[in-house]
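Structure, as structure tokens:
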Amino acid sequence: MSRETTRLVDTLLATQVRISLLVHQLQDGTATTDDQRHFADGLEELLDILQSHAADVDAGIVLTPHDLLIAERHLA
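The sequence shown begins at 724 in this note's numbering and counts up one residue at a time.
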């Protein structure tokens, strides 16, 4: 996996944890407006990373695992 893809995956995994935490805070009434704003800021960051990654894949800058497999076969 490329460094860029690894960064995206790590960000997605961290977001899953933050979603779960915010859900519990909302359910038990402990989520502050600051918690919600902080979460929204994190989602904006995730969206930027995701859009950038998709653009880089489309441009051929970042190879997908499928592309890497094909490249390895051509080199063999």
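Every residue, glycine too, gets a C-beta built ideally from N, C-alpha and C.
Please read these numbers as outputs of a predicted model, since none were measured by experiment.
Rounded separation between Asp758 and Thr738 - CA only = As a first step, residue 758 must be located in the sequence shown, where it is residue number 35. As a first step, residue 738 must be located in the sequence shown, where it is residue number 15. Cα-Cα distance, rounded: 14 Å.
Pair within 8 Å by beta-carbon distance, Gly741 and Gly765 = Within the sequence shown, residue 741 is the residue found at index 18, counting from 1. Within the sequence shown, residue 765 is the residue found at index 42, counting from 1. A quick correction: the sequence has Arg, not Gly, at residue 741. Contact flag set, yes.
Name the two residues that bound the continuous alpha helix (DSSP H) containing Leu736.
-> The residue given as residue 736 occupies position 13 in the sequence shown. Looking at the DSSP string, the run of the alpha helix (DSSP H) that includes Leu736 is Arg726 to Asp751.
If you follow the alpha helix (DSSP H) that Leu783 is part of, which residue opens it and which one closes it?
-> Locating residue 783 in the sequence shown gives position 60, counting from the first residue. Checking the sequence, you will find Gly at residue 783 rather than Leu. Premise fails: Gly783 is in no alpha helix (DSSP H) and is neither H nor E.
In its own chain, which residues sit with a C-beta less than 6 Å from the C-beta of Val785, not counting the 5 before and 5 after it?
-> Within the sequence shown, residue 785 is the residue found at index 62, counting from 1. So the list reads Ser725, Glu727 and Asp779, once near-sequence residues are dropped.
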